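Engineer:
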Amino acid sequence: MKTLLLVIDFINDIVHPDGKRSATSIYVADNHVMQHANEVIAIARKKEIPIVHVKVGFSSNYIECPSNSPLFATSKADKALQLGEWGTEFHQMMNVSAEDTIIVKHRVSALYATPLEAILKANQIDTVIVTGVSTNMAVDTVTRELHDRDYNV
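If you count by this note's numbering, then the sequence shown holds residues 783 to 935, one letter each, in order.
#1: For my contact list, LEU787 and VAL815 are in at a C-beta cut-off of 8 Å; report their separation, rounded to the angstrom.
#2: Return helix, strand or coil for ILE796, following the three-state DSSP convention.
#3: Assuming GLY914 and PHE840 form a contact by the criterion Cβ under 8 Å, report the distance between their Cβ atoms to the nearest whole angstrom.
#4: Whole angstroms is fine: what's the gap from ASN918's alpha carbon to LEU902's?
#5: Along the chain, which unbroken stretches of the alpha helix (DSSP H) at least 4 residues long are found entirely within the stretch 831-899?
#6: Hey, could you find the ends of the beta strand (DSSP E) ILE911 is sitting in?
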C-alpha cells in the first residue's frame with residue numbers, strides 16, 4: 783500500500799476572516815480545522831508520506847474562471863481567488879513545506895484539469911488521505927472521484 787496526503791484549499795481567501803470567500807472561516811477557527819490538518823500533516827511527514835497541497839485560483843485575467851458557475855462567477859468582479867495575490871497564498875498557520883507538491887485547481891475538484899492523477903499514477907499511489915475545506919464541496923468531490931477511480935480513500 784502506497785499512500786499520499788491531499789490537503790485542500792487552506793488559502794487566505796477561504797479560511798482567513800479577511801478572505802474574499804471566508805464564509806467558512808469562523809467554522810474553521812472555532813473547530814481548530816487548520817490545527818487538526820497540521821496534525822495529520824505532521825504524521826504524514828513522520829511516516830514519509832508525500833503531501834500535495836491544492837489551492838483554487840485563477841489567472842489575473844480569470845480566463846479559467848467559469849462565468850456561469852454559481853460558486854465562481856463573481857470571482858473576477860470581486861478580484862477573489864486571484865493567483866499570485868494574498869488570497870491564494872496558504873494561510874500562515876498551515877504547515878506547507880518546500881518538499882510538498884502544490885497543485886492549482888480551477889474548479890471544485892482537485893482532479894479536474896490538474897496533474898493530480900498523473901502524480902498518483904507516477905508514484906504508484908493506491909491510497910489517498912484527504913483533509914481540507916470545504917468538506918461538503920471540495921473534499922466530498924475529490925473523495926468520490928478518487929473512489930470511482932479505484933483508489934482507497
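Glycine included, each C-beta is placed from N, C-alpha and C at the ideal position. Fair warning: this is a prediction, and the values are worked out from it, not measured in the lab.
Structural biologist: Let me lay it out:
#1: Taking the first residue of the sequence shown as 1, we reach residue 787 at position 5. Taking the first residue of the sequence shown as 1, we reach residue 815 at position 33. Not confirmed; about 15 Å, so no contact.
#2: Within the sequence shown, residue 796 is the residue found at index 14, counting from 1. In the three-state scheme derived from DSSP, where H, G and I count as helix and E and B as strand, ILE796 is classed as helix.
#3: Here the question's residue 914 lines up with position 132 in the sequence shown. Here the question's residue 840 lines up with position 58 in the sequence shown. About 19 Å separates the two Cβ atoms, so there is no contact after all.
#4: Within the sequence shown, residue 918 is the residue found at index 136, counting from 1. Within the sequence shown, residue 902 is the residue found at index 120, counting from 1. Approximately 23 Å, taken between the alpha carbons.
#5: Taking only runs of at least 4 residues, the alpha helix (DSSP H) segments lying wholly in the stretch 831-899 are 857-860.
#6: Taking the sequence shown and counting its residues from 1, one reaches residue 911 at position 129. First-last of the beta strand (DSSP E) with ILE911: 909-914.
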